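Here's the structure, in structure tokens; my notes come after.
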């Protein structure tokens, strides 16, 4: 097979930043791909240079190309041969590079900064495509071709002409070979004409994209380039059919099926550093890419000059990256700074102790050479900090000292989650608390059951007593926190007076540990609509309620009512009979039942042992759509990921100002039931400026980017699944792909026998079947449970926003939606498709369209009639054979969001607007409301007709013995007596065999009219005649 090549044609650049001190620049472009580095020629004294040069790179693995990146840097060449100035750079995902044979189109990219302090401007035009080695050699033309070959720091063979460019050392000297080849103009024109013919009929979209993601430096130090990257984001409506794996926008000319944009894609990231670079430190973090970090821990200082402690802080500087501690008079900071190794731009890390923020002057400083920094390998203990003497500006030692430690580590380090990261260099102050990775635990939820039995000696209130001759409407209202539930009015009984009402109703609430709320029970008299008069109340702490783990009833108690006409005490005080219990035998549903992540009972005594472990590596995201603009520049996103399984929530750190965030964080959950679902969501952080952190009511809400659900039972044990999951969001304008989420998942089963035994047990705890909760209450209690969980997690630090919790728990998923109704209807159609196919196959046998198969079918039937004992074994063997036959077509990948199944491909805009409407509706247009009402009536008419048809058939069956039609009943009774005599005299298998042979008669011999039995059944009466 011919080797593939990646071609980067550097066309031109314009409006570059002058860097030579004379108002101009001598610019050149350097491109790096898979450790291969090439550069163009230098255009002297030109801020709008034109190169039109072609750089060719070898592709080691074409299947791995979507997860590689192309780094393009623009530099100014100084008069000295060994120095240069940075003019800008672009990182482009190789996912959307046109395949061989597709016509490439030049793309315009905005140059990005290397750090926050870089002064960059301008754009660069590139043309990137793939091709085979032979085709590229034949398409030279008049362009300058630079062919790459990665070479060790040795001399090349002298038989080739080479042009070497001295580069800064990056883990060793890298030399690049540039060759110029020329071909006749006629051959180039023939090649271009052939490419146009191959691409005829394809839709081209010459749309320019811009790269908005800030990237690291162009020259990483001893570190492999990033593999999870994406190109410039473009709106899906502009490119509806060209988005590939891991890319933010398609390259024009890509011919991709529209559904491939929303499909699941398998990836092959270098987990644990790759097979070649794997070491012992990656064994515990083997589901993420191993990334090296430089950690600097600043503990405290002592002996500083007088007055320095008023608000002294520490500044850690590494190249263009700077991190600051908070000003602390006690000189005790204990803060960790983490710098990604691919962002290191300096040979030394400097630590400055300053008296006040914003001043260039400092008290003292200390520096560490990068080559002398030790490397820590977990599970080693943390590196002990040491005291270091500070130097002044002249290099003389000061009496002050600072305690700190510096080391190289990975994301497996304990300090990783609490550290300040270099990717968040622009976030300071209170906003830092909202970008750290955290683990949250949902509060332990209980069902509080309040059984209202009866009351005694109730006296009417002042308003109720004035209305003589009125029978009181007495009811009980119970309240816990913001949850309120009412009973029905007490039933009128001739044996009991109005002062002794009886209810016998159960009221249920959702409460969370620790129990801080009070239960308030009110007895009220309803005087009219919205008019209630209280007759008394009972106030009890929830913590004092008895816990119930089984179906054994808790003894009831009498409680005296407070506030009942002067708080009368003594023997004849008003009383209320209640039975209170905290039911721990239930599982409090805070998620939808069909994709719940935990099904255990509340009480820990009822838990079964763990059956396995779920490990998840959250690698990163690619191709995210811009969620905001910052500083008047292009769109960007501050993305973080949240995963929820069971009571454990995890939140990754926020990657600031990136459309292709890389988290590379690994987490673990205990699994108690394999038939559960883990949910992963991606959000855009809107609290980086510190606003809304102290008060959730500030109005700032994190934006939703998308979520993914994965059912554990669809995963094979001990297999690592690495996929890019599409992040889909439904907007009022339609479904949009917001990007792709890259995950590595492994489900390890500790005991296969216990896991298989769970399939035979009920999914919910025992109490759900012994004392089931009414269906109308289940959804109401789930709504309350979601409110309690969201309220508790919003009080954490950093807070997990209410909008995040509600989105992860699918709050409001039961609201009416025409789209969901259609999806459920077509799901039913798909389920009934198999029995319908069997019926059609039998009808095909009966019609003798294929005589050979019909003869075999009749012969098989006769054999089964002669040997009826093999009917059930034959049936079960057939089912087993069908299952084994489908094994070769089993799903190889976990399921993902399906827009076709969700009926989101061609949904009407008005249906989407109705789905996003609030409940109760906020619609004020009578015309639009009338349209929706008519549409709802049309759906209801179909359901009404279907229910009427079903009721008619059932009533006809009842009329067989109901003598509604005496003649039909007489005929049916006569048939029953004749059938009894027939089956008594003739074996049943003979009768069934003859009946089946009659049914299998060829159509030429068989009558085409309905059978007499069907005609008789259709003539039976129903109650439809009595309907108005």
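Numbering (full-length UniProt numbering), first residue to last: 1 to 1028. Built from N, CA and C at the ideal position, the CB exists for glycine as well. Predicted model only: the values in this text are computed from it and were never measured.
- Under the DSSP definition of a beta bridge, residue 325 lacks any partner.
- In this structure, the alpha-carbon of residue 936 lies about 26 Å from that of residue 953.
- Residue nearest to residue 734 within the set 426, 913, 679 is 913 (criterion: CA-CA distance).
- Note that the region 613-632 does not touch the region 474-489; fewer than 3 beta-carbon pairs, one per stretch, sit closer than 8 Å.
- Within 10 angstroms of the beta-carbon of residue 347 lie fewer than 16 other beta-carbons, which makes it exposed.
- About 7 Å separates the beta carbons of residue 758 and residue 674, which is inside the 8 Å limit, making them a contact pair.
- Here residue 413 is buried. Its C-beta has 16 or more other C-beta atoms within 10 Å.
- When DSSP states are grouped into helix, strand and coil, residue 749 belongs to the strand group.
- When DSSP reads this structure, residue 525 sits in a beta bridge with 474, 533.
- Just measuring C-alpha positions, the residue of 475, 75, 657, 496 sitting nearest residue 489 is 475.
- In this structure, the alpha-carbon of residue 687 lies about 12 Å from that of residue 436.
- Residue 599 has its alpha-carbon roughly 38 Å from the corresponding atom of residue 491.
- Take the alpha-carbon of residue 324 and the one of residue 314: they are about 6 Å apart.
- A residue is called buried when at least 16 other Cβ atoms come within 10 angstroms of its Cβ; residue 676 meets this threshold and is buried.
- A straight line joining the alpha-carbon of residue 73 with that of residue 740 spans about 26 Å.
- Going by beta carbons, residue 718 and residue 705 fall outside the 8 Å limit.
- Closest in C-alpha terms to residue 899, from the list 51, 296, 263, comes 263.
- The C-beta of residue 765 has 16 or more other C-beta atoms within 10 Å across all chains shown, which makes the residue buried.
- The Cβ-Cβ distance between residue 51 and residue 43 falls below 8 Å.
- Shown here for residue 590: same chain residues with a beta carbon closer than 7 Å to its own, the five before and five after excluded, namely 445, 782, 785, 786, 789, 809 in chain order.
- Residue environment analysis places residue 869 among the exposed positions, since fewer than 16 neighbouring C-beta atoms fall within 10 angstroms of its C-beta.
- The beta carbon of residue 398 lies closer than 6 Å to those of 364, 390, 392 in the same chain, with the five residues before and after it left out.
- DSSP links residue 641 through a beta bridge to 682.
- Residue pairing by DSSP places residue 614 opposite 669, 747 in a beta bridge.
- Sixteen is the threshold: when 16 or more other Cβ atoms of the shown chains lie within 10 Å of the Cβ of residue 487, as they do, the residue is buried.
- Counting only the Cα atoms, residue 818 lies some 20 Å from residue 831.
- Counting along the chain, the unbroken alpha helix (DSSP H) around residue 1015 starts and ends at 1012-1018.
- For residue 955, the three-state secondary structure derived from DSSP is helix.
- Its chain contains 351, 388, 390, 391, 402 as the residues whose beta carbon lies nearer than 7 Å to that of residue 366, once the 5 sequence neighbours on both sides are disregarded; these appear in chain order.
- By the 16-neighbour rule on beta-carbons within 10 angstroms, residue 876 is exposed.
- A direct Cα-to-Cα measurement between residue 71 and residue 834 gives close to 53 Å.
- Counting only the Cα atoms, residue 996 lies some 9 Å from residue 862.
- Going by C-alpha positions, residue 707 is about 41 Å away from residue 404.
- Of the residues 647, 601, 658, 649, the one whose Cα lies closest to the Cα of residue 628 is 658.
- Judged by DSSP in its simplified three-state form, residue 105 adopts coil rather than helix or strand.
- Restricted to the region 796-830, the alpha helix (DSSP H) segments that are unbroken, complete and at least 4 residues in length are 802-808, listed in chain order.
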